[in-house]
Amino acid sequence: MPNNTHQQTEFPPLEHPPYHVGIIMDGNGRWAKAHGKSRFEGHKAGTDNLRQILESSVEFGVKMLTIYAFSTENWKRPPFEVMGLMRILEEVIDRELKALHKNGVQLRHIGRLERLKPGIRKKVLHAIEMTKNNNKLILNVAFNYGGRQEIVDAVQRVIEDKIAPQDITEELLSSYMYTANCPDPDLIIRTSGEFRTSNFLIWQAAYAEYYITPTYWPDFNKAEYYQALQSFGQRDRRYGGRNE
Ligand code: IPE
Ligand code: IPE
Ligand code: MG
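Here the sequence shown is numbered in this note's numbering, starting from 33 and rising by one per residue.
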């Protein structure tokens, strides 16, 4: 049987794919421990896993993906691990940027770039500039991102812009978030079985659907991604109203 026919039977087109998916890529450390490897190797395995999830996003009809790669709270980890995570970000850009660009991925960053080393910051900005006209998939990378920090940054800018109190609306505040111009996430996936947001998109996810799986991030594959998207398709999103 030709390969593509096989794929079509395994993953039939989804009726209601979410437009915007957020992923809390958690469990690299526990995955590493379970395999007798270092945490660094766990983070590497997690990063390698991204490729199939990006490709599957395009195949499954997801248009925007926001991945949580490093939180403002992750600075609390031992310096050795933080350095490893920074190194991985830099290596991924060096190694994958060309292919991402060729595949029509538009890279964006959400979070604070200020605390990153100038060399990494430069690479991130270059990647954003290079891919800005791509439209197959928008990939927001949340790196040094914190939802509360994002709200604080937004309020500071609102005040700097001297916005009058009566002009402050939900739409206005949304436009001051790092995610300005992004529709709110429809589905948030969290791997490794934790039932918490850990400060991810707390403003934007007010009405997001959640999918939580015990699978550690490096093992989260295409089939399970499909399952998560299918589960989303069956949700009754009421936004506080009634669907009858
Ligand atoms: C997620 O994996 C990656 C980051 C937070 C950077 P963890 O490193 O949190 O893995 P666990 O939760 O310890 O298993
Ligand atoms: C959330 O995972 C952050 C990322 C996946 C980047 P954490 O492992 O940092 O979250 P907690 O500490 O378990 O809440
Ligand atoms: Mg974790």
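Built from N, CA and C at the ideal position, the CB exists for glycine as well.
Values in this document were obtained by computation on a predicted structure and should not be read as measured data.
W63 has its Cβ nearer than 8 Å to a heavy atom of ligand 1.
Among the bridge pairs identified by DSSP, F175 is matched with F102. By the beta-carbon neighbour count (other beta carbons within 10 angstroms, threshold 16), P197 is exposed.
For S70, the Cβ stays outside the 8 Å cut-off from all heavy atoms of ligand 3. Here Q259 is exposed: its Cβ has fewer than 16 other Cβ atoms, across all protein chains shown, within 10 Å.
If you check the C-beta of D80 against ligand 2, you find no heavy atom less than 8 Å away. Distances from the CB of E226 to the heavy atoms of ligand 3 include at least one below 8 Å.
S206 and N165 have their C-alpha atoms roughly 23 Å apart. At least one heavy atom of ligand 1 is found less than 8 Å from the C-beta of D58. With respect to the 9 Å criterion, E226 and I56 are classified as neighbours on the basis of their beta carbons.
Listed in chain order, the non-local C-beta contacts of G143 below 7 Å within the same chain comprise A174, F175, N176, Y177, Y210, local neighbours out to five positions each way being set aside. According to the DSSP assignment, H141 belongs to the beta strand (DSSP E) that extends over 137-142. At a cut-off of 3 residues, the continuous stretches assigned as beta strand (DSSP E) that sit fully inside the segment 47-89 are 52-56. With a threshold of 16 other beta carbon atoms within 10 Å, P250 meets it and is buried. Counting along the chain, the unbroken alpha helix (DSSP H) around L205 starts and ends at 202-208.
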